[in-house]
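Written out below as structure tokens is the structure these notes cover.
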Amino acid sequence: MTTDPEQEGPDESPPSGGLSGVLPHVPPLVTRVEAVVERAHIPLLASALTFDALLALVPLGLLMLQGLGLVLRHTRFFDLADPDRLLLSLLPPHAHGVAGRDPFALVEGMVGAIQGYQSQVTWLAIPAFLWFGSRLFSSIRSTLSEVYDAQGPQRHEKLILAVLLDFVFGKLRDFAMMGFLLALALVNTVLTALVRLGSRETSPDLPLFDLFASALGRVLGEAVAIGSAVVLFMALYRYASPRRLSWKASAFAAAVATVGFELAKRLYGLYLTIGAQREVYTIDVNLGAVMLFLLWVWWAALVFLLGAAAADVWERGRSGSAGKRDASSEKRG
5 MTTDPEQEGP DESPPSGGLS GVLPHVPPLV TRVEAVVERA HIPLLASALT
55 FDALLALVPL GLLMLQGLGL VLRHTRFFDL ADPDRLLLSL LPPHAHGVAG
105 RDPFALVEGM VGAIQGYQSQ VTWLAIPAFL WFGSRLFSSI RSTLSEVYDA
155 QGPQRHEKLI LAVLLDFVFG KLRDFAMMGF LLALALVNTV LTALVRLGSR
205 ETSPDLPLFD LFASALGRVL GEAVAIGSAV VLFMALYRYA SPRRLSWKAS
255 AFAAAVATVG FELAKRLYGL YLTIGAQREV YTIDVNLGAV MLFLLWVWWA
305 ALVFLLGAAA ADVWERGRSG SAGKRDASSE KRG
């Protein structure tokens, strides 16, 4: 027997141990989120989500490079014959072109090779992204359903047709979310490149870059970049799962996930910046950057699921409070 995705389930009971057993005054929301974490095994779900995200990152990055090429092909400040200029605008300051001191030499070489085989790479990246991207969003749908403790609606009485319809509708949902993710990631990357390039001394003498080079422009660029992350998380929380959260709950979850995501991203960028400013870039620093990147992806998956758990508890609490108020008003009536 399946449950209605819109039907609210019972509140999660607070755990007997954990934070509530260590700290004397823990907010009820935190204890209930801790109960969801224990029930759904969120750290393990984050590990599985990290694996699928890493598989989808490579074709997504290739398609973003091709999309940037289409957007910036007719501009005079991004020369696609020299892709390093666009790439350098997205990387922390480092010893570019210095033998033995450039931590991103391998990445820059790969981008140059990809630019030389644009058509071949595109035809390989599209099916790879469709396959691994649909797998990623299928994992997102499954993990969110596990966190929400919700199941999809019964689409047909016969089991075979029900499974087939669930698969078709799930894939259509995944492909729609993939297109939205690719478009939003492309816009975010272009805005980030404009802000970073506009703040450098070699930025073109254009009114647009004068705006981005100013303090107000940098604040505006950061706000747009963070806002795009909030929009992405809200869309995932509301539409990627069979259970549809309210807009307020989706915004609350997106705020929690964005804060954790931006904090980890800036700490990772700080590590790269400090490492890039050293005289000699050692193997230990490179290995540490790779390990921190993997940890950052896992942390992003973790805060994404924690945001879902917090929104689920918050929405169930609001629904329970509203039900109690209605019951008390009926008794008084």
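FYI, the numbering for the sequence shown is 5 to 337, going by the working numbering.
Yeah, the Cβ is synthetic: ideal placement off N, Cα and C, and Gly gets one too.
Span separating the alpha-carbon of residue i from that of residue j
| i | j | result |
| --- | --- | --- |
| Glu42 | Met182 | 30 Å |
| Phe173 | Ala166 | 11 Å |
| Arg145 | Tyr152 | 10 Å |
| Arg247 | Phe184 | 19 Å |
| Pro47 | Leu169 | 31 Å |
| Trp318 | Glu38 | 13 Å |
| Leu190 | Gly311 | 24 Å |
| Leu306 | Ser232 | 19 Å |
| Val235 | Ala180 | 15 Å |
| Ala57 | Gly137 | 8 Å |
| Tyr339 | Leu291 | Not covered by the structure: residue 339. The range shown for the chain is 5 to 337. |
| Leu274 | Leu298 | 16 Å |
| Arg177 | Tyr241 | 13 Å |
| Ser323 | Val40 | 17 Å |
| Trp127 | Gly321 | 49 Å |
Local Cβ density within 10 Å of residue i, reported as buried at 16 or more and exposed below that
| i | result |
| --- | --- |
| Ala227 | exposed |
| Phe308 | buried |
| Phe374 | No statement about residue 374 is possible, as the shown extent of the chain runs from 5 to 337 and does not include it. |
| Val223 | exposed |
| Ala261 | buried |
| Leu237 | It should be pointed out that residue 237 corresponds to Phe in this sequence rather than to Leu. Phe237 should be labelled buried. |
| Val294 | exposed |
| Phe338 | No information on residue 338 is available, as it lies outside the stretch 5 to 337 that the chain covers here. |
| Trp302 | buried |
| Phe171 | exposed |
| Leu163 | exposed |
| Leu249 | buried |
| Leu53 | buried |
Member of the options whose CA lies at the smallest distance from the CA of residue i
| i | options | result |
| --- | --- | --- |
| Lys175 | Phe184, Met238, Arg139 | Arg139 |
| Trp300 | Tyr275, Lys269, Phe133 | Lys269 |
| Leu296 | Ala304, Tyr272, Leu306 | Tyr272 |
| Ala50 | Ala129, Glu150, Phe133 | Glu150 |
| Arg36 | Ala314, Ser323, Arg322 | Ala314 |
| Pro63 | Ala129, Asp178, Leu188 | Ala129 |
| Ala44 | Lys162, Leu148, Val294 | Leu148 |
| Leu419 | Leu186, Thr54, Ser250, Ser245 | Because residue 419 is not part of the residues shown, which for the chain are 5 to 337, the question remains open. |
| Pro131 | Val34, Ser142, Leu66, Ile164 | Leu66 |
| Phe55 | Arg320, Leu249, Ala304 | Ala304 |
| Gln155 | Leu188, Ser245, Ile230, Ala229 | Ser245 |
DSSP-derived helix/strand/coil call for residue i
| i | result |
| --- | --- |
| Asp153 | coil |
| Phe216 | Note that Phe216 scores a pLDDT of 49, beneath 50, so its modelled location is shaky and nothing firm can be said. |
| Pro246 | coil |
| Lys175 | helix |
| Glu161 | coil |
| Ser207 | Note that Ser207 has pLDDT 47, beneath the 50 cutoff, so the model's placement of it is unreliable and the number below is only indicative. Coil, per DSSP. |
Residue i: CB within 7 Å of a non-hydrogen atom of the ligand HEM
| i | result |
| --- | --- |
| Gly231 | This structure does not include the ligand HEM; it has no bound ligands of any sort. |
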